[in-house]
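Top line first, the protein sequences correspond to chains A and B. Just so you know, the first sequence maps onto residues 3 to 298 in our numbering. Just so you know, the second sequence maps onto residues 14 to 351 in our numbering.
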Amino acid sequence: MSTDQDPALQPLVDALLVRALGDGGFASHAGGAYAPEATAWAVLALVAAGAGPEQVPAARARLAAGQAADGRVSLDAEHPEAFWVTPLAALAWHGAPRQAAAASRAVGFLLATTGRHWPKAPGAATGHDPALRGWPWIEDTHSFVEPTALALLALRRAGQGAHERAREAARMLLDRQLPRGGWNYGNTTVYGQELRPAAVETGVALAALAGLTTQAEVLRSLAFARAEAARLRTPLSLAWALLGLGAWGERPAAARSWVLESAAAQPRRGAYPTTLLALLLLAAVGDAAVARVLPR
Amino acid sequence: MDRRDRGARLAWTRREFLVRAGGGTLAGVGIAGLPGCARRRPGQATFIARVARYDVELAAPILRGLRELGVTGSEIKGKRILLKPNLVEPHLGAGHINTHPSVVRGAAEAFRRLGAAEILVGDAPGHCRDSLLVLEESRLGEVLAADRLRYVDLNAAAVTTVPNLGGRTRLARLTLPAVARQVDFIVSLAKLKTHHWAGVTLALKNLFGLLPGAYYGYPKNLLHREGIPKSIVDVAATVRAHFAIVDGIVGMEGDGPIMGAARPVGVLVLGRNLPAVDATCARVMGIDPLKVTYLAAAAGWLGPVAAAEIGQRGEAIAAVRTEFALPEHIPALRGLRG
């Protein structure tokens, strides 16, 4: 459902739009400077909501202006190693003719890039298979769950879901799934102890894997996401739990009211950063609208 | 605040570094190279307060420790204070993972009573990106709201990049939250825990949580790549926190820093010099600090670690020593017993 059909979501759209800057980008918060991750998420949320017809093209152009020659999009020019924003930019550019080349370069960068990986040693302290390639947060570090899931979403959206890197990323995510269900940042067991899951990584991994694996393989993770979505009202955790469930056709009936409850907590918690506003909007608009920006 | 703090200078000057390093002492210039100068210098003492529970007023024992260690109103009045708790990964029912909210409250109240102009609480949790969830699950949010303390999510705050003054890793620069430059006094509000990679996590390791995940990854992947002990030394040498308060009322033994068991010790450990504080904490845990790699590397350079070089105030270490479980199957914990 887009916001023109659901006036209750208009305040979220309005709150996003006031973060738009004169250069076309979005700030991470009121009065802030250009932030590429906030810009990408704002584009995705506005497109899904059918809003921001002037702001979306400008934001996409601003993102493209910050792209490096090799296709990466980093947090800022001084930190090219912090390239975890690249899949978000690729998603934001998808379907925009003016940024088709930028999107292609970003996807090319992802396909050519991975983290640090090594063969699993006998008796290793950590339980996961470190040889399975995904994507890291930061260049030349080990691959972890969230950047890998975001890159997988970007590849699938770009029609590269059958690429060997995408298939390996799916295997990597399943390997990092906790035995009792859910994901955390990316360690399953350390010295034989199973670590605890978290809603954010569980949601993003579920969103990335939907359609690539069977429901039986993620059943416990879906149960964890359902429980967390019902319990949590912090925007990042709630939004990703709902997006993950929605990708598997399990969006809770109360999802919209939970999102509105989370948004209404801002007077107490303080105004949310742009990324969180955008994720809440995405989690509120419903699966059909989300399918405009994320693979389904 | 902007993500990039473009107006800030890019580095502390050498003079600023030396002043910050030791409050005017020689702590930052290689004490080991100055024979005879290192024994029990002012500012290198530690204080142990015996505190059995969290549901008591903690400002009083903290204030007593601050005064015993020479931190007075004349030093704090009008200053901006950053309290940096350890909030690595909050879970309901597993409070021994994080610095207890009552310790944050007690520290804030103590610095308020000494005349601090502003007190900020900030962390860049290594595992959990949802900073609002961190505050809610740890119950710290309730304390911050009730006590009108401002929280800064250091994972998302404005940053500044400075030269790495430690030089132990290959990192030429460190990217720090700009607020670390803007405050006058940084307090590492750590937790007394074992650590399955580093041996222990105390006041120095807690400084990892100043570095934003957006630039280092989750959980601080860049520092893990470079080696945790070396990274601890580099961050400590570059940030030079002014004070440490370690929450050892209930610590964590065994497979820390997340999956270990709660271990009541009933102490708060305070000090100006973080290696000295960590050394005292290690001894309280039944660990020889010189067997902990990062403390051995910091010894005599960033501060004293040898017992003879650390003045002890408050409770005697022997009176509160509580041997923490050090499972043999974890290499970083093997052979640490002191």
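Glycine residues also receive a C-beta, built at the ideal position from the N, C-alpha and C atoms.
- Task: Starting from the N-terminal side, write out each stretch of the alpha helix (DSSP H) that is 4 residues or longer and does not extend beyond the segment 136-188 of chain B.
- Result: 144-150, 153-159
- What residue does the beta strand (DSSP E) around B:G264 start on, and which one ends it? For the purposes of this step, residue 264 of chain B is taken as residue 251 along the second sequence, with counting starting at 1. Unbroken beta strand (DSSP E) run through B:G264: 256-266.
- Query: Is the shortest distance between the beta-carbon of A:S239 and the beta-carbons of chain C less than 8 Å?
  - Reply: This model lacks chain C altogether; the protein chains it does include are A and B.
- Query: In whole angstroms, what separates the C-alpha of A:A265 from that of A:P237?
  - Reply: To locate residue 265 of chain A, count along the first sequence from 1; it is residue 263. To locate residue 237 of chain A, count along the first sequence from 1; it is residue 235. Rounded to the nearest angstrom, the two C-alpha atoms are 7 Å apart.
- Query: Name the chain A residues that come within less than 7 Å of B:R142, Cβ to Cβ?
  - Reply: Taking the first residue of the second sequence as position 1, residue 142 of chain B is located at position 129. Per Cβ cutoff of 7 Å: V202, L238.
- Query: the segment 164-197 of chain B: which residues have C-beta closer than 8 Å to a C-beta of chain A, in chain order?
  - Reply: For chain A, the residues of the segment 164-197 of chain B that bring a beta carbon within less than 8 Å of one of its beta carbons are A169, T174, T188, in chain order.
- Task: Determine the closest residue to A:E148 out of A:E219, A:V202, A:A133, A:G246, with distance taken between C-alpha atoms.
- Result: Numbered from 1 along the first sequence, position 146 holds the residue referred to as residue 148 of chain A. A:E148 has its Cα closest to that of A:V202, out of A:E219, A:V202, A:A133, A:G246.
- Query: When the cut-off is 8 Å and only beta carbons count, does B:I5 lie next to chain A?
  - Reply: The structure shown does not extend to residue 5 of chain B, since chain B is modelled only from 14 to 351, so the question has no answer here.
- Message: Taking the alpha carbon of B:R276 as the reference point, which residue from B:N111, B:Q57, B:S87, B:L105 has its own alpha carbon closest?
- Response: Numbered from 1 along the second sequence, position 263 holds the residue referred to as residue 276 of chain B. Nearest C-alpha to B:R276: B:N111.
- Item | Where A:P257 sits in the DSSP three-state scheme | Indexing the first sequence from 1 puts residue 257 of chain A at position 255. According to the sequence as given, residue 257 of chain A is Ala; it is not Pro. Three-state DSSP puts A:A257 in a helix.
- Query: Apart from the five residues just before and just after B:D160, which ones in its own chain have a Cβ nearer than 7 Å to its Cβ?
  - Reply: On the second sequence, position 147 is the one that residue 160 of chain B refers to. Cβ within range, chain order: R118, A121.
- Task: Could you check what DSSP says for A:W185 in three-state terms: helix, strand or coil?
- Result: Indexing the first sequence from 1 puts residue 185 of chain A at position 183. Looking at A:W185 - three-state DSSP - the assignment turns out to be strand.
- Please list, in chain order, all residues of the same chain as B:R181 whose beta carbon is under 6 Å from its beta carbon, the five residues on each side excluded. Along the second sequence, one-based indexing puts residue 181 of chain B at 168. Answer for B:R181: K243, V246, D247, listed in chain order.
- Task: Count the C-beta pairs between the segment 279-292 of chain B and the segment 203-218 of chain A that are closer than 8 Å, then say yes if the count reaches three, no if not.
- Result: no
- Item | Sufficient close CB pairs (3 or more, under 8 Å) joining the segment 41-54 of chain A to the segment 276-292 of chain A | yes
- Query: Measuring CA to CA, which of B:I271, B:I199, B:H208 is closest to B:H104?
  - Reply: Here residue 104 of chain B refers to the residue found at position 91 when the second sequence is read from its first residue. Ranking B:I271, B:I199, B:H208 by Cα distance to B:H104 puts B:I271 first.
- In angstroms with no decimal places, state the Cα-to-Cα distance between A:W139 and B:I300. Translated into positions along the first sequence, residue 139 of chain A becomes position 137. Translated into positions along the second sequence, residue 300 of chain B becomes position 287. Approximately 35 Å, taken between the alpha carbons.
- Query: Thinking C-alpha only, which one of B:A137, B:G230, B:E131, B:Y164 is nearest A:T143?
  - Reply: On the first sequence, position 141 is the one that residue 143 of chain A refers to. For the residues B:A137, B:G230, B:E131, B:Y164, the minimum Cα distance to A:T143 belongs to B:G230.
- Task: Could you give the DSSP three-state label for A:I140: helix, strand or coil?
- Result: As a first step, residue 140 of chain A is located in the first sequence; it is residue number 138 there, counting from the start. In this structure, A:I140 counts as coil in the three-state DSSP scheme.
- Message: Any beta carbon from chain A within less than 8 Å of B:H208's own beta carbon?
- Response: Here residue 208 of chain B refers to the residue found at position 195 when the second sequence is read from its first residue. Closer than 8 Å: no.
- Go ahead and label B:E336 buried or exposed: buried means 16 or more other beta carbons lie within 10 angstroms of its beta carbon, across all protein chains shown. Reading the second sequence from its first residue, position 323 is the one you call residue 336 of chain B. Label assigned to B:E336: exposed.
- Item | Status (buried if at least 16 other CB within 10 Å, exposed otherwise) for A:P199 | Here residue 199 of chain A corresponds to residue number 197 of the first sequence, with the count starting at 1. So A:P199 counts as buried.
- Message: So, at 6 Å on beta carbons, what are the nonlocal neighbours of B:D260 in its own chain, with the 5 sequence-adjacent residues on each side left out?
- Response: For the purposes of this step, residue 260 of chain B is taken as residue 247 along the second sequence, with counting starting at 1. Only T112, H113, V116, K204 meet the Cβ criterion.
- Item | Where B:Q57 falls, given that 16 or more other Cβ within 10 Å makes a residue buried | By one-based count along the second sequence, residue 57 of chain B stands at place 44. Buried: at least 16 other Cβ atoms inside 10 Å.
- Proximity test, Cβ basis, 8 Å: A:L197 and chain B: In the first sequence, residue 197 of chain A corresponds to position 195, counting from 1. With 8 Å as the cut-off, A:L197 counts as an interface residue toward chain B.
- Would A:R118 count as contacting chain B if we go by Cβ distances under 8 Å? What you label residue 118 of chain A is simply residue 116 of the first sequence in a count that begins at 1. Yes - at least one Cβ of chain B is within 8 Å of the one on A:R118.
- Taking 8 Å as the CB-CB cut-off, is B:H109 touching chain A? Here the question's residue 109 of chain B lines up with position 96 in the second sequence. Chain A, which has no Cβ nearer than 8 Å to the Cβ of B:H109, makes this no.
- Task: Please determine, among B:R93, B:D143, B:A129, B:A249, the residue with the shortest C-alpha to C-alpha distance to B:V196.
- Result: By 1-based counting over the second sequence, the position of residue 196 of chain B is 183. For the residues B:R93, B:D143, B:A129, B:A249, the minimum Cα distance to B:V196 belongs to B:R93.
- Opening and closing residue of the alpha helix (DSSP H) in which B:G284 lies: Reading the second sequence from its first residue, position 271 is the one you call residue 284 of chain B. It is not in any alpha helix (DSSP H) - B:G284 instead sits in the beta strand (DSSP E) that spans 274-284.
- Query: What's the C-alpha gap between B:A249 and B:Y307?
  - Reply: Mapped onto the second sequence, residue 249 of chain B falls at position 236. Mapped onto the second sequence, residue 307 of chain B falls at position 294. Using only the alpha carbons, I get a separation of about 10 Å.
- Message: Does any residue of chain B have a CB that is nearer than 8 Å to the CB of A:L301?
- Response: The question about residue 301 of chain A has no answer, for chain A in this structure spans 3 to 298.
- Message: If I follow the unbroken beta strand (DSSP E) through A:S239, where does it start and stop?
- Response: As a first step, residue 239 of chain A must be located in the first sequence, where it is residue number 237. Here A:S239 belongs to no beta strand (DSSP E); instead the alpha helix (DSSP H) covers 237-249.
- DSSP bridge partner residues for B:I300 (one or two, in chain order): Mapped onto the second sequence, residue 300 of chain B falls at position 287. Partner(s): B:R350.
- Query: Does the Cβ of B:S87 have 16 or more other Cβ atoms within 10 Å, making it buried, or fewer, making it exposed?
  - Reply: Position 74 of the second sequence, counted from the start, is the residue given in the question as residue 87 of chain B. The residue in question, B:S87, is exposed, as its Cβ has fewer than 16 Cβ neighbours within 10 Å.
- First and last residue of the beta strand (DSSP E) that includes B:I94? Start at 1 with the first residue of the second sequence, and residue 94 of chain B comes out as number 81. Looking at the DSSP string, the run of the beta strand (DSSP E) that includes B:I94 is 93-98.
- By Cβ distance below 6 Å, which residues in the same chain neighbour B:K304 in space, the five residues on each side in sequence not counted? Translated into positions along the second sequence, residue 304 of chain B becomes position 291. Closer than 6 Å at Cβ, skipping near neighbours: L349.
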